[in-house]
Every structure is written in structure tokens, then in C-alpha cells.
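Peer 1:
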Amino acid sequence: MNTTLLLIDDDKDFLSDFSFLLKNNYTCFFANDEQQAFKLMKDKSPDVILLDLMLADGVSGIDVLRKIKSVDDSVPVIIMTDYGSIETAVEALKVGAFDYISKTPNLKELKFIIEKSLQQRLLKYQAESLQNEINKPYQALVGISKEIQKVKELIALFVQSENTVLITGESGVGKELVARQIHYHSNRRNNPFIPINCGALPKELIESELFGYERGAFTGADKRTPGKFEIAEGGTIFLDEISELDPMAQVKFLRILHEKEFTRVGSAKTIKSNVKVIVATNKDLFELVKKGLFREDLFYRLDVLPIKVPPLRNRKEDIPVLVSYFSSAIAKELNKPTKTFSDEALQLFLSYDWPGNIRELKNYIYRLYLLVTDQIIYPKELDFFVNINLETTSETEETPETWERMNELRKVATEKASRRIEKLFVDFLLKKFDGNITKAADYAGINRTNMHKMINKAKGEEL
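All residue numbers for the sequence shown refer to this note's numbering, where the first residue is 25 and numbers rise by one.
1. Would you report the Cα separation of W14 and L372, rounded to the nearest angstrom?
2. Starting from P344 and walking both ways along the beta strand (DSSP E), at which residues does that stretch end?
3. Tell me, to the nearest whole angstrom, how far the beta carbon of P219 is from that of E200; I am working on the premise that it is less than 8 angstroms.
4. Hey, how far is the Cα of E133 from the Cα of K284?
5. Can you check DSSP and say which residues form a bridge with E285?
6. Starting from L372, trace the alpha helix (DSSP H) in both directions and tell me its first and last residue.
7. For E341, tell me which candidate among R325, F286, P330, Y376 has the shortest Cα-Cα distance.
8. Just the Cα atoms here: how many angstroms apart are L495 and S442?
9. In terms of alpha-carbon separation, which member of L326, T28, Y388 lies closest to V347?
10. Which two residues bound the contiguous alpha helix (DSSP H) that contains A482?
11. Would you kindly work out how many angstroms separate the C-alpha atoms of K203 and G82, rounded to a whole number?
12. Over the uninterrupted alpha helix (DSSP H) stretch that includes M65, give me the two end residues.
13. Among C52, L178, T105, I172, which has the Cα closest to the Cα of L329?
14. Within a Cβ cutoff of 6 angstroms, which residues of the same chain sit near P100, ignoring the five residues on either side of it in sequence?
15. Classify I412 as helix, strand or coil using the three-state DSSP reduction.
16. Would you call the stretch 183-193 and the stretch 247-255 in contact, with 3 or more CB pairs under 8 angstroms?
17. Rounded to a whole number of angstroms, what is the C-alpha to C-alpha distance between W427 and N480?
18. Give me the Cα-Cα distance between L30 and C52, rounded to the nearest whole angstrom.
19. Bridge partners for A55 per DSSP, in chain order?
20. In the DSSP assignment, find the unbroken alpha helix (DSSP H) run with I206 in it and report its ends.
21. State yes or no: is the C-beta of F350 within less than 8 angstroms of the C-beta of S267?
22. What distance in whole Å lies between the Cβ atoms of E265 and N221, which are believed to be in contact at a cut-off of 8 angstroms?
23. Tell me the DSSP secondary structure of K170 in three-state form.
24. Assign Q399 to one of two classes, buried (16 or more other C-beta atoms within 10 Å of its C-beta) or exposed (fewer than that).
25. Between V301 and I331, is the Cβ-Cβ spacing less than 8 angstroms?
26. How many Å lie between F408 and P344 at the Cα?
27. Alpha carbons only, please: which of A369, K363, S195, S352 is nearest the one belonging to V333?
28. Could you name the residues of the same chain whose beta carbon sits closer than 7 angstroms to that of R337, not counting the 5 residues immediately before and after it, in chain order?
29. Please go through the same chain and pick out, in chain order, the residues whose beta-carbon is closer than 7 angstroms to the beta-carbon of N471, but skip the five residues on each side of it.
30. According to DSSP, is F262 helix, strand or coil?
31. Going straight from the alpha carbon of T423 to that of L406, what length do you get?
32. Rounded to whole angstroms, how far is the Cβ of L165 from the Cβ of K148, which I believe are closer than 8 angstroms?
33. Cα separation between D327 and T27?
34. Compare the Cα-Cα distances from L360 to each of Y390, Y402, E384 and report the closest residue.
35. Buried or exposed, going by whether 16 or more other CB atoms sit within 10 Å of the CB of A116?
36. Among G240, R383, E432, F253, which residue has its Cα nearest to the Cα of D67?
Following this line, the structure appears as C-alpha cells:
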């Protein structure tokens with residue numbers, strides 16, 4: 025980032041000499057009085073301010089410092105003086121100055137103080153995000169299926185690349201977890217991981233959330249605020265639901281991918297960016313491109329390192345492993361003994377398609393820990409939730425077409441689901457044989473009396 029300095033001093037000769045000293049390392053702007061200083065603060069958004077302790081007409085640098093901090097508390101201010109005393113220095117530091125230097129400083133010392141102030145500002149920006157990451161328990165990418173092994177292989181390949189990673193997959197498959205794995209195994213692991221859900225923000229706020237804004241940029245913008253890209257400096261930014269970016273934000277996002285720079289809302293100043301960008305979507309971006317809803321050039325810029333995370337129904341061999349993993353993790357979180365699941369209960373889990381994927385499975389196990397007191401989970405405990413297994417919508421349930429298949433499904437079903445399975449089988453038979461009970465009974469391998477009983481029982485069941 026090209027660091028911008030604002031020097032505030034009433035001595036024009038001093039400003040000229042000072043700028044000559046610093047011009048090879050920084051972009052410098054000068055103000056001779058308080059009014060000019062605040063205009064330049066607004067127009068140039070300086071990264072660091074060097075302020076004389078005593079200005080013309082008896083204006084105190086301490087008073088100006090207070091006003092600067094009321095306008096933008098994040099900008100580091102370094103006090104310069106020829107008159108200084110320990111007492112004055114302490115007062116300036118209490119008001120919010122970063123440091124205190126002589127007006128005839130050693131260039132090496134001055135550069136050190138400026139760089140240190142910038143580092144402290146960045147750490148201040150990142151402190152909350154870093155603390156959140158420290159408090160967030162590490163989550164492994166759990167699974168033994170060939171599908172999830174392929175995802176792990178791609179992660180291993182992509183961690184050292186600085187190119188954009190595009191993660192696709194249905195809602196709940198664990199796209200953010202894949203993004204975190206890439207970050208934690210890269211050389212950026214000690215810097216922030218900043219997740220942002222583009223779909224959760226009003227479209228009018230996405231740009232300011234990503235790129236930050238200057239004081240006065242819009243109603244309510246009472247101070248300069250860094251965006252997610254600025255906070256993520258040196259680390260990784262993860263943009264979920266990237267398809268929700270509006271056209272203007274797409275243009276700015278394309279710029280940061282191409283040129284590694286951006287501007288805050290309300291500012292003309294260019295800020296260089298050093299972040300790893302990972303994006304995710306549960307939509308088909310190419311289809312959105314064809315419909316004119318997503319920029320084609322942005323799509324090809326994103327689609328460099330693609331990872332498709334499979335839905336849980338396509339990796340069912342991972343379900344027992346995931347159940348065990350989540351059971352242990354949730355037990356630890358709730359400070360409860362770890363529950364185990366019977367083979368019959370696991371079969372019920374395996375027979376369900378989990379349209380909500382990993383998220384649905386984890387939430388379901390969490391509810392079991394809250395509502396079931398037994399340490400071993402059997403199918404009867406799963407009857408708490410009518411949305412499990414074949415008690416979902418007709419689009420996700422299987423209609424048995426033989427007596428044997430009906431019994432196979434009923435073995436792993438809850439009581440209510442078992443009745444539903446039987447009704448589906450009866451409906452299938454009556455439809456197949458146009459209501460001919462004799463043919464339906466013969467096909468099922470039962471007598472007419474039992475067939476009538478099944479029909480009457482099915483009539484009493486609600487769809």
C-alpha cells in the first residue's frame with residue numbers, strides 16, 4: 025500500500041524540508057492550519073498524520089489532536105515539537121497520539137515509528153476477527169468416501185496458489201469449512217480469515233461492507249470505517265453467495281481481483297490489497313451469465329481453481345463417521361456424556377437423503393442431545409421429529425413396488441414412517457391394477473382379506 029502522510033505545521037520551510045526527507049518513501053500532503061488540515065483529511069484520507077504541537081496564533085496541537093480523533097479515531101497521529109516536555113508528551117499520548125518525536129528526527133527512526141503506527145492500526149482493525157477465529161474450534165473435513173477424498177486432494181493442491189478459488193455445492197454441504205481448510209493450511213494461517221455472506225446483506229450495503237467507507241460518504245457514515253478487504257490484509261476473505269453481488273459491486277470486485285486494489289466508498293484514494301480470495305455459491309454461475317445476471321468476465325476470473333463439494337446423499341458412507349464426529353463434538357460443547365447410535369438408528373440415517381446436507385445432520389444430532397435422555401439412540405428416539413426419513417415431501421420419499429421392498433424400508437423406519445410406507449405400497453398396487461383387489465393381492469403375495477385390511481388401514485392414514 026502506498027502510504028499517505030498528512031503533515032500539519034505552520035512553518036512552510038519546515039514542511040518543504042520534511043517532504044524532501046520523506047518523498048521517496050511516502051506520498052505527502054501539507055496543511056498550514058487547522059481548517060486546511062481537516063479539508064485534506066476528508067479529501068486525501070491520510071494513513072498517518074504528523075502534527076506540530078504548537079501551531080500559529082497559539083493554536084494548541086493537543087486541541088487539534090482531540091478534534092482529529094473525534095473525526096477519525098483510527099488514523100495514527102504522531103506529535104512533532106521543538107518545545108516538548110515529558111508532561112506535554114504524556115498529555116498527547118493520553119488524548120490519543122500514537123507517539124512523540126522531535127522535529128529534527130533521524131529518518132530511520134521516523135520510518136520505524138510510521139510503519140509501527142500502521143501495523144498497530146491494522147492489528148486494531150483485525151483484533152476482533154482474530155479473536156473470533158481463536159474462539160472458534162477447529163473443524164476437520166470429515167469423511168472416508170472417494171468424493172470427499174477428492175475434495176481434500178484439491179485443497180492440498182490449491183493452498184499454495186494465490187489464484188481465486190471457487191467453491192460450489194448445495195446449501196449446507198460445508199463450503200465455508202472447505203474455505204477454512206484452504207486458509208488454515210496456507211502460509212496465511214496466522215492472519216485473519218474473514219467470512220462474509222453476500223446474500224445476508226442489503227444490496228446497498230454490500231459495497232461499503234466489502235471496501236469500507238469514508239466519513240460523510242452516506243447518511244450515517246460518521247467516521248471512516250475499514251471494509252472486509254482492508255481487515256483481511258495478509259489473510260483470506262471468503263465471500264459466500266457470490267451470485268448475490270449487484271452489478272456495481274461486481275465491477276469493483278473484478279477490479280480487486282485483476283489489479284489487487286480498491287477504493288473506499290466516498291474516496292478516490294486507491295488502496296493496495298494483499299488477500300487470498302475464496303468465493304462460494306450454491307447457484308450455477310454460468311447459467312446466470314447466460315441470463316445476463318452475472319458478469320461473464322468476472323465468472324472466468326473466479327473459475328480458476330474450482331472445487332465442487334458433493335451433497336451428503338452422494339457420500340452416504342460418510343454418514344456413520346459424521347454422526348460419531350458430531351456426537352462427540354456436541355457432547356463436549358454441552359458438557360454431556362457422548363451418545364452412541366444403534367445400528368438400526370444408523371440405518372435410518374442412511375436411508376434419508378438429508379436435503380439440508382451436513383448442516384441438517386449436525387442440527388438433528390444437536391436436537392437429539394437436548395431432547396433425548398438415553399445414552400444409546402434407537403429408532404424409537406428418532407420419532408420425535410416427523411421430518412426424518414420417509415416423512416418428508418413426496419419428492420424425496422421412495423414408493424416401494426414389492427412386498428419385500430416395503431418390509432426392507434419398514435425395518436429402518438419409525439412407527440409413523442412405517443405406516444406411511446405401507447400406504448404408499450397400497451396406493452401403488454391400486455394404481456397399477458386399476459383398483460382390482462384380486463390382482464393387487466396376487467401381485468403382493470397375500471390373500472384378498474389381508475389386502476382389504478391393508479386398504480382400510482391406508483384409508484385411515486393422512487397423507
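From the three backbone atoms N, C-alpha and C, an ideal C-beta is built for every residue, glycine too.
Peer 2: With the given structure in hand:
1. No statement about residue 14 is possible, as the shown extent of the chain runs from 25 to 487 and does not include it.
2. Looking at the DSSP string, P344 is not in any beta strand (DSSP E); the run it does join, the alpha helix (DSSP H), is 343-358.
3. 6 angstroms
4. 30 angstroms
5. K296
6. 367-375
7. Y376
8. Nothing can be reported for residue 495, as the shown portion of the chain is limited to 25 through 487.
9. Y388
10. 472-483
11. In the sequence under discussion, the amino acid at residue 203 is Ala, which differs from the Lys named in the question. One C-alpha to the other measures close to 56 angstroms.
12. 58-68
13. L178
14. V72, F122, S141, R145
15. Residue placement at I412 is poorly supported in this model, since its pLDDT is 46, which falls under 50; the coordinates still yield a value, given next. In the structure shown, I412 sits in coil (DSSP, three-state: anything other than H, G, I, E or B).
16. no
17. 17 angstroms
18. 6 angstroms
19. I32
20. 199-208
21. no
22. 6 angstroms
23. helix
24. exposed
25. no
26. Residue confidence for F408 is low, a pLDDT of 43 falling below 50, so the modelled location carries little weight; the figure read from the coordinates is stated next. C-alpha separation (whole angstroms): 20 angstroms.
27. S195
28. D377, W378
29. A465
30. strand
31. 21 angstroms
32. L165 to K148, Cβ: 33 angstroms. No contact.
33. 33 angstroms
34. Inspection of the sequence shows that residue 360 is occupied by Lys rather than by Leu. The candidate whose alpha carbon is nearest that of K360 is Y390.
35. buried
36. G240
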